[in-house]
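First residue of the sequence shown: 9, per this note's numbering; consecutive thereafter.
Yeah, the Cβ is synthetic: ideal placement off N, Cα and C, and Gly gets one too.
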Amino acid sequence: MLTTLNTAYTDTCAADLAWALGREPLPALATLDLELTGVKLQMRLLGASHQVLVEEERGLCSETVACIPGSSTPLPLGVAKRVGDWEYEFAARVEVLSPGSFAGRAQELLALVADHPQGLAGVFPGSPHAFTALLAQRHEGQVHWRTWHAYPQDGQLVATRTRVGTRVKAAV
Numbered sequence: 009m010l011t012t013l014n015t016a017y018t019d020t021c022a023a024d025l026a027w028a029l030g031r032e033p034l035p036a037l038a039t040l041d042l043e044l045t046g047v048k049l050q051m052r053l054l055g056a057s058h059q060v061l062v063e064e065e066r067g068l069c070s071e072t073v074a075c076i077p078g079s080s081t082p083l084p085l086g087v088a089k090r091v092g093d094w095e096y097e098f099a100a101r102v103e104v105l106s107p108g109s110f111a112g113r114a115q116e117l118l119a120l121v122a123d124h125p126q127g128l129a130g131v132f133p134g135s136p137h138a139f140t141a142l143l144a145q146r147h148e149g150q151v152h153w154r155t156w157h158a159y160p161q162d163g164q165l166v167a168t169r170t171r172v173g174t175r176v177k178a179a180v
């Protein structure tokens, strides 16, 4: 699903992004609710980037990557954590592209996500290449999602990937 976001562009560069686990749902400009084989997933576009909520019978896990006022946790390159009954893995990278390469990559990503049944993309006013996009899937008992945060003014594209699965309890 592709939407135009009716808001000011508040996370203005890749360095403004912060990462957080376990935050309460923030106000969303657009959402996509998915059911992925027993796991409920809500992808949320924020004025300041994205939030993903995952709910399964054993619990809830939330990831926020956004411009978060007062946050002291910048966007990490990688995280692996246990969160209750969840195993959580996150990775991020920043690509710097030339203007021509950036425009082509932006169009490619928006086309990939826009028509995908498990994809959500929002374009910010002012540039067709200023966007946040999310794409989810379930694979081998785990939920995976990828995100892209585009900053055309700097030629920066922030790409993240996340894997969440429930921890298998050892038999006694």
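Check                                                                                                               : Outcome
Sequence-distant residues of the same chain with beta carbon closer than 8 Å to residue 85, five excluded per side  : 99, 100, 101
Residue 116 - containing alpha helix (DSSP H), residue span                                                         : 107 to 122
N- and C-terminal bounds of the beta strand (DSSP E) containing residue 52                                          : 47 to 54
Under the three-state DSSP convention, the category residue 100 falls into                                          : strand
Of the listed residues 73, 12, 69, nearest to residue 38 (C-alpha basis)                                            : 12
Secondary structure of residue 23, DSSP reduced to three states                                                     : helix
Integer-rounded CB distance, given that residue 75 should sit under 8 Å from residue 26                             : 7 Å
As assigned by DSSP and simplified to three states, the class of residue 69                                         : strand
Residue 174 classed as buried or exposed, judged by whether at least 16 other C-beta atoms fall within 10 angstroms : buried
Buried or exposed (CB count within 10 angstroms, at least 16 for buried), residue 63                                : exposed
Residue range of the unbroken beta strand (DSSP E) whose run includes residue 139                                   : 139 to 147
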